[in-house]
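I have placed the structure first, in the form of structure tokens, so that the comments after it can refer back to it.
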């Protein structure tokens with residue numbers, strides 16, 4: 001019966017047959033039973049772990065790498081391990097990498113940290129998707145194009161299945177980009193976009209196959225190119241995008257990612273000249289140390305010709321470079337013996353700033369001259385290198401050594417004669433006559449006391465000693481002692497010969513060391529000259545900055561992908577590894593991307609034109625962060641709002657459930673009926689959205705928890721976001737009783753730059769949002785300050801109208817007086833515009849230049865606006881501010897009354913609720929259901945307070 005060996009066992013047996021047995025204490029200890037046995041025949045789930053242990057042990061023994069490259073033996077081990085993993089997979093062992101990410105139960109662990117970038121969930125071997133999407137999403141111009149994509153009619157289906165596929169994919173990609181921009185989650189699920197994209201790989205073998213990054217990127221750009229057709233492009237971009245996306249093509253994706261190059265040369269005596277289009281530019285890794293060497297070889301290459309007498313070759317020159325330049329690094333080769341591709345782990349360096357001038361068609365004359373100089377310098381370097389090799393690898397046999405070392409070994413051999421004589425004389429003085437006579441040689445007067453002849457005589461002596469056991473033991477000890485002290489040395493050398501020999505060898509060695517040093521210096525000088533030869537100002541006019549690096553760790557058939565993306569806003573590198581987004585340094589990127597030391601290396605490089613600010617700095621209308629939700633198209637605003645509301649609901653349900661568990665002995669309630677949660681905090685809970693008043697604190701006692709539970713079913717849903725309560729004075733003024741209600745003076749009509757205190761107070765409530773709007777807004781290059789402000793004003797009023805249309809469960813009236821006016825006025829346009837204009841007069845805008853420009857434009861606009869109004873408009877607008885102030889006081893009184901009620905201060909609470917009901921009734925008399933709070937809710941609290 002024959003037992004089939006695993007690939008790792010076959011590899012180990014081959015190595016043992018090729019190498020002689022050596023005594024290695026560490027190796028024996030590592031493989032001893034006490035060190036732990038690694039079972040590679042186990043069919044269970046631990047087989048992959050055992051293989052990893054075997055890999056680590058093998059790599060530990062072979063971790064010496066020359067020149068920063070992965071050794072050949074390491075690559076052999078990798079091939080064997082990969083084969084073993086494939087066999088393990090065939091018998092049912094699942095690969096751990098690429099498993100579906102399991103969401104933490106606590107939603108707070110999935111909450112986004114401010115405006116920190118959002119990750120992408122790995123839904124099963126989809127890290128390749130995450131790496132590419134994150135790299136493109138964080139390219140602002142690309143993000144803008146995707147988010148603004150609006151076909152002529154989403155509902156009109158095309159008979160072409162290809163068009164339908166592209167539209168469906170773009171719909172899901174827009175939603176995914178919107179979530180990445182403004183979601184409140186730490187990471188989002190890309191499953192819907194992936195489902196649409198599965199058609200791109202119909203031959204994919206399920207979810208266990210790892211897609212190649214370059215293949216996916218190529219397919220993605222192809223779909224985007226098809227989706228952005230001329231009729232859609234003119235509709236989505238407008239006038240501004242034409243200046244941003246100048247190019248020969250009208251498709252923005254073609255202009256963004258595709259360039260043109262000219263190929264010219266000679267093939268078997270025939271000249272040719274062709275102009276072609278390129279997208280992802282492939283570069284070879286094997287045989288090159290940096291990206292410029294690989295690109296030079298790709299741009300100028302020889303053509304194999306049947307006619308050896310005719311020289312054939314071609315040169316390629318870029319005629320137009322795209323704003324985004326993608327380099328695809330070919331890090332795999334097909335192994336004929338194993339019958340499958342394998343990954344190349346060699347090191348390939350690339351810079352942060354890459355100048356492309358040398359490859360441009362207009363610079364080909366200069367570049368050809370420099371290439372000729374480089375060619376001559378390389379020939380000279382090869383000549384020096386050849387001479388150096390003769391010194392470093394000297395010898396006529398198969399084994400070669402450095403010549404300096406050979407001379408030093410020869411000198412050591414010659415000088416060893418004197419050392420042997422000194423040791424021999426000491427041995428003669430210390431030895432007994434019997435011992436000396438028993439080992440004696442030809443002549444007692446011979447100067448060579450210990451020589452090769454003595455070794456021969458010692459064998460004769462040992463054979464004679466067999467007759468006597470005692471003398472045999474003594475003499476065998478002496479023989480062993482002599483054999484241990486034997487040093488190879490010349491038999492006869494005189495002092496004069498030794499001096500001459502020493503002088504010659506030392507002089508030769510010194511000369512050779514000098515020659516080697518000179519050769520090495522010449523080689524280094526030539527390398528530095530070649531390295532600096534393109535550092536000319538005339539060839540540094542087209543800088544491309546590294547934007548993203550797509551990294552693969554593993555082998556050709558499997559592995560893991562992540563991406564490094566540069567963030568200009570934060571001026572640092574970010575590492576996107578599925579759900580994790582973390583800061584990184586240039587050193588981290590070099591270690592993981594350039595290869596040579598680990599099994600991680602870059603597969604794709606994205607460079608962006610440094611001289612095209614529209615790629616980043618002029619596309620900030622789509623900034624990243626939940627606070628920039630208003631910048632999205634309206635359909636995406638609704639989509640992200642719904643997703644954020646669902647996440648907020650999940651978070652509040654979790655909080656309510658956790659507090660219910662903590663207070664299980666005293667607190668009861670069902671889903672959506674929790675009124676008070678947390679410690680010292682009041683929450684008005686809603687089944688779809690719950691918000692907190694952080695400024696209203698209280699301590700709830702056990703006897704009143706049950707009372708709250710009894711009345712929860714009768715409570716109406718009242719919800720305000722935490723950003724609504726920005727003024728702590730609004731709530732602190734009612735801490736004692738209701739007698740401190742602020743008397744509001746009527747608004748007086750004014751002229752010039754005098755504005756009523758109430759209007760400026762209400763404008764100050766949203767000063768943070770105002771500063772965010774101003775900082776995020778970027779006018780178009782051809783706009784005047786007033787035109788730019790008009791566009792900003794339009795965006796803000798549109799956003800307030802959108803917020804006013806939010807579901808009833810989200811009460812946003814406290815966020816802005818404009819929302820209150822839109823909800824309660826039959827003709828709100830004038831007063832909404834008026835309130836927004838006053839919003840841009842807050843003093844904080846004077847603190848930075850852009851804010852001062854906006855404020856000046858707002859003053860001019862408001863002056864012209866006020867002059868166009870009638871006296872009735874001033875009176876009505878003043879009443880809106882008075883009414884809004886009463887509404888804010890009603891809310892503050894209600895929150896303060898609830899706090900006093902749960903603090904057992906029933907007398908103060910009753911006074912506050914009475915005052916609150918009176919003020920609220922004055923608002924309801926104005927015939928508007930959204931002018932105040934629900935009267936039944938206030939009356940309920942007033943009634944239960946009276947009962948206590």
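In the UniProt record's numbering, the protein residues as written are 1 to 948. Backbone N, C-alpha and C fix where the C-beta goes; we use that ideal spot for every residue, glycine too.
Reference residue i, options the options, closest by Cα
i	options	result
residue 264	315, 256, 251 and 293	315
residue 563	124, 102 and 128	128
residue 291	900, 269, 181 and 594	594
residue 584	599, 567, 600 and 598	567
residue 286	323, 334 and 251	334
residue 640	145, 177 and 108	177
residue 402	392, 411, 410 and 396	392
residue 300	791, 556, 531 and 317	317
residue 908	780, 897 and 918	897
residue 579	188, 324, 520 and 133	188
residue 385	524, 488 and 510	524
residue 415	528, 885 and 499	499
Contacting residues, own chain, Cβ-Cβ under 7 Å from residue i (five flanking each side not counted)
i	result
residue 821	828, 831, 832, 835 and 880
residue 331	285, 343, 344, 601 and 603
residue 920	890, 932, 933, 935 and 938
residue 145	252
Cβ-based burial, residue i [other Cβ within 10 Å; buried from 16]
i	result
residue 104	exposed
residue 623	buried
residue 604	buried
residue 784	exposed
residue 174	buried
residue 399	exposed
residue 110	buried
residue 526	buried
residue 405	exposed
residue 272	exposed
residue 106	exposed
residue 113	exposed
residue 409	exposed
residue 353	exposed
residue 419	exposed
Distance between beta carbons of residue j and residue i, contact taken as under 8 Å
i	j	result
residue 135	residue 565	6 Å
residue 550	residue 561	7 Å
residue 133	residue 120	6 Å
Which of helix, strand or coil DSSP assigns to residue i
i	result
residue 557	coil
residue 250	coil
residue 566	strand
residue 772	helix
residue 276	strand
residue 543	strand
residue 893	helix
residue 404	helix
residue 930	coil
residue 508	helix
residue 652	helix
residue 604	strand
residue 319	strand
residue 327	strand
residue 829	helix
residue 353	strand
residue 599	coil
Own chain, CB closer than 8 Å to residue i, minus 5 neighbours either side, in chain order
i	result
residue 845	770, 771, 774, 851, 852, 854 and 855
residue 218	279 and 280
Contact set for residue i: own chain, Cβ-Cβ below 6 Å, skip 5 residues either direction
i	result
residue 547	566, 606 and 608
residue 181	624
residue 281	327
residue 559	552 and 553
residue 381	523 and 526
Neighbour flag for residue i against chain C, beta carbons, 8 Å
i	result
residue 948	The structure shown has no chain C; it contains just one protein chain.
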